Amino acid sequence: LIDFLVEKGNKHFADPKATAEKLKIAAHNAHRLRGNLLEPVNLILATSLETIRTLEKQIKNIDKAIAKEIAHFKHTLDSVPGLGPVICAGIIAEIGDIHRFPNDSALAKF
317 LIDFLVEKGN
327 KHFADPKATA
337 EKLKIAAHNA
347 HRLRGNLLEP
357 VNLILATSLE
367 TIRTLEKQIK
377 NIDKAIAKEI
387 AHFKHTLDSV
397 PGLGPVICAG
407 IIAEIGDIHR
417 FPNDSALAKF
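Just so we're on the same page, the working numbering is the position in the sequence shown counted from 1, plus 316.
The following block contains the structure:
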(Lines of atoms letter the chains of each structure in order from A and count residues from 1; the text may use other names and numbers.)
(Lines give C-alpha, C1' and ligand atoms only; values in the text may rest on other atoms or scores of the structure.)
Protein backbone atom coordinates (compact mmCIF):
# COMPACT_ATOMS: atom_id res chain seq x y z
CA LEU A 1 0.00 0.00 0.00
CA ILE A 2 2.86 2.36 0.81
CA ASP A 3 4.47 1.70 -2.57
CA PHE A 4 1.13 2.35 -4.28
CA LEU A 5 0.71 5.68 -2.45
CA VAL A 6 4.23 6.74 -3.37
CA GLU A 7 3.84 5.72 -7.02
CA LYS A 8 0.31 6.99 -7.63
CA GLY A 9 0.12 9.82 -5.09
CA ASN A 10 2.05 12.37 -7.16
CA LYS A 11 3.88 13.45 -3.96
CA HIS A 12 0.60 14.51 -2.31
CA PHE A 13 1.28 12.39 0.78
CA ALA A 14 3.93 13.88 3.07
CA ASP A 15 4.11 10.62 5.03
CA PRO A 16 2.92 7.68 2.88
CA LYS A 17 3.52 5.20 5.70
CA ALA A 18 1.25 7.12 8.11
CA THR A 19 -1.36 7.54 5.38
CA ALA A 20 -1.27 3.79 4.67
CA GLU A 21 -1.82 3.07 8.37
CA LYS A 22 -4.78 5.46 8.48
CA LEU A 23 -6.26 3.78 5.40
CA LYS A 24 -5.88 0.34 7.00
CA ILE A 25 -7.64 1.55 10.15
CA ALA A 26 -10.43 3.16 8.11
CA ALA A 27 -10.90 -0.02 6.08
CA HIS A 28 -10.98 -2.12 9.25
CA ASN A 29 -13.61 0.14 10.85
CA ALA A 30 -15.68 0.52 7.68
CA HIS A 31 -19.17 -0.87 7.47
CA ARG A 32 -19.19 -3.98 5.33
CA LEU A 33 -21.71 -4.20 2.52
CA ARG A 34 -24.05 -7.13 2.37
CA GLY A 35 -23.09 -9.63 -0.33
CA ASN A 36 -25.99 -8.71 -2.62
CA LEU A 37 -24.86 -5.06 -2.64
CA LEU A 38 -21.22 -5.63 -3.53
CA GLU A 39 -21.74 -6.06 -7.25
CA PRO A 40 -24.02 -3.04 -7.82
CA VAL A 41 -21.86 -0.77 -5.66
CA ASN A 42 -18.71 -1.89 -7.47
CA LEU A 43 -20.44 -1.27 -10.81
CA ILE A 44 -21.49 2.23 -9.75
CA LEU A 45 -17.99 3.04 -8.48
CA ALA A 46 -16.34 1.70 -11.63
CA THR A 47 -18.76 3.63 -13.85
CA SER A 48 -18.22 6.82 -11.85
CA LEU A 49 -14.45 6.45 -12.08
CA GLU A 50 -14.68 5.88 -15.83
CA THR A 51 -16.85 8.99 -16.16
CA ILE A 52 -14.36 11.06 -14.17
CA ARG A 53 -11.46 9.85 -16.31
CA THR A 54 -13.40 10.62 -19.50
CA LEU A 55 -14.25 14.12 -18.27
CA GLU A 56 -10.63 14.75 -17.27
CA LYS A 57 -9.50 13.70 -20.75
CA GLN A 58 -12.10 15.96 -22.37
CA ILE A 59 -11.05 18.91 -20.21
CA LYS A 60 -7.43 18.33 -21.19
CA ASN A 61 -8.37 18.28 -24.90
CA ILE A 62 -10.49 21.42 -24.57
CA ASP A 63 -7.68 23.22 -22.71
CA LYS A 64 -5.29 22.31 -25.54
CA ALA A 65 -7.75 23.61 -28.14
CA ILE A 66 -8.21 26.87 -26.21
CA ALA A 67 -4.44 27.31 -25.89
CA LYS A 68 -4.04 26.73 -29.63
CA GLU A 69 -6.72 29.28 -30.52
CA ILE A 70 -5.58 31.93 -28.03
CA ALA A 71 -2.06 31.76 -29.49
CA HIS A 72 -3.44 33.57 -32.57
CA PHE A 73 -4.21 36.68 -30.50
CA LYS A 74 -1.51 39.14 -29.55
CA HIS A 75 -2.01 40.17 -25.93
CA THR A 76 -0.05 40.88 -22.77
CA LEU A 77 -2.29 38.99 -20.37
CA ASP A 78 -0.14 35.89 -20.60
CA SER A 79 2.80 37.87 -19.20
CA VAL A 80 1.02 38.02 -15.82
CA PRO A 81 2.31 35.24 -13.55
CA GLY A 82 -0.35 32.61 -12.94
CA LEU A 83 -2.45 33.43 -15.99
CA GLY A 84 -2.37 30.60 -18.47
CA PRO A 85 -4.00 30.39 -21.88
CA VAL A 86 -7.36 29.18 -20.58
CA ILE A 87 -7.73 31.98 -18.03
CA CYS A 88 -6.53 34.55 -20.60
CA ALA A 89 -9.11 33.26 -23.08
CA GLY A 90 -11.82 33.62 -20.43
CA ILE A 91 -10.82 37.19 -19.65
CA ILE A 92 -10.70 38.12 -23.35
CA ALA A 93 -14.10 36.52 -23.90
CA GLU A 94 -15.57 38.38 -20.92
CA ILE A 95 -14.20 41.74 -22.11
CA GLY A 96 -15.43 41.26 -25.67
CA ASP A 97 -14.70 44.18 -27.98
CA ILE A 98 -12.06 46.20 -26.15
CA HIS A 99 -12.80 49.25 -28.30
CA ARG A 100 -16.06 49.75 -26.42
CA PHE A 101 -13.99 51.12 -23.52
CA PRO A 102 -12.96 54.77 -24.02
CA ASN A 103 -9.83 54.38 -21.86
CA ASP A 104 -7.86 52.05 -19.57
CA SER A 105 -9.73 53.29 -16.52
CA ALA A 106 -13.08 52.30 -18.00
CA LEU A 107 -11.74 48.82 -18.74
CA ALA A 108 -10.36 48.51 -15.21
CA LYS A 109 -13.75 49.47 -13.75
CA PHE A 110 -15.42 46.81 -15.86
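Quick reminder that beta carbons are idealized off the backbone N, C-alpha and C, glycines included. Note that this is a predicted model, so its numbers are computed, not measured.
Check                                                                                                                   : Outcome
Does the Cβ of residue 386 have 16 or more other Cβ atoms within 10 Å, making it buried, or fewer, making it exposed?   : buried
So residue 388 and residue 404 are in contact, right, with Cβ under 8 Å, and what is the actual spacing, rounded?       : So it is not a contact: roughly 12 Å between Cβ atoms.
Using the C-alpha atoms, what's the distance from residue 406 back to residue 414?                                      : 14 Å
Starting from residue 344, follow the alpha helix (DSSP H) in both directions and report where the run begins and ends. : 332 to 345
Given a cut-off of 8 Å on the beta-carbon distance, is the pair residue 357 and residue 349 in contact?                 : yes
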